[in-house]
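Working notes, structure below.
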Amino acid sequence: MHDNDDRETIAGILDDYFDGLYRADVTSLRAIFHPDTVLKAPGLRRSLEQWLSLVSNRDIPMATGAPYRFRVLSLDIVGEQAMAKLECPLFTHNYIDFLGLLKENGRWRIVNKMYADINTNYTAQEATCPT
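All the letters of the sequence shown, read from the start, carry residue numbers 1 to 131 under my numbering.
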């Protein structure tokens, strides 16, 4: 399966992700994403650079005194791939992010991000699969 080092490394990446969002630190965010990442929301696709440009041009949550309420909801690791489900409240939004990570050439990076604001668009549901 995986070892504790992988779990700790991924947890560090997720902390860097939260801190990057909170501080609007595009340099830190760029470092944890693979350059070919595509960010996806229902009806929306953005390149990593398009998204980072938006992050750098919005209000900075830390500077506005916004509370730091990010949290990991789940983390699944299978071999050299992982999926993290995160709660990312920003301003009036309550984003649920699904981050896909791969370990390539010995390095974990985010390769996919899907997200939606559950305050305005959705209610979170657990999926059930028939057995």
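Glycine included, every Cβ here is placed at the ideal spot set by N, Cα and C. From a predicted model like this one, the values you see are computed outputs, not experimental measurements.
Residue i, enclosing beta strand (DSSP E) - first and last residue
i	result
P89	81-90
Residue-chain proximity (residue i, chain D), Cβ-Cβ < 7 Å
i	result
R45	You won't find chain D in this structure, because it holds only one protein chain.
Collapsed DSSP secondary structure at residue i in the structure displayed
i	result
C129	With a pLDDT of 42 at C129, under the threshold of 50, the predicted position of this residue should be treated as unreliable, and no value is reported.
R58	coil
I77	strand
In DSSP terms, what residue i is bridged to
i	result
E104	R107
H34	The partner list for H34 (beta bridge, DSSP) is empty, contrary to what the question assumes.
Y68	In DSSP, Y68 forms no bridge with anything.
Counted within 10 angstroms of its Cβ, other Cβ atoms place residue i as buried (16 or more) or exposed
i	result
G106	exposed
A63	exposed
T27	exposed
S56	exposed
Unbroken alpha helix (DSSP H) run spanning residue i, endpoints
i	result
G20	4-23
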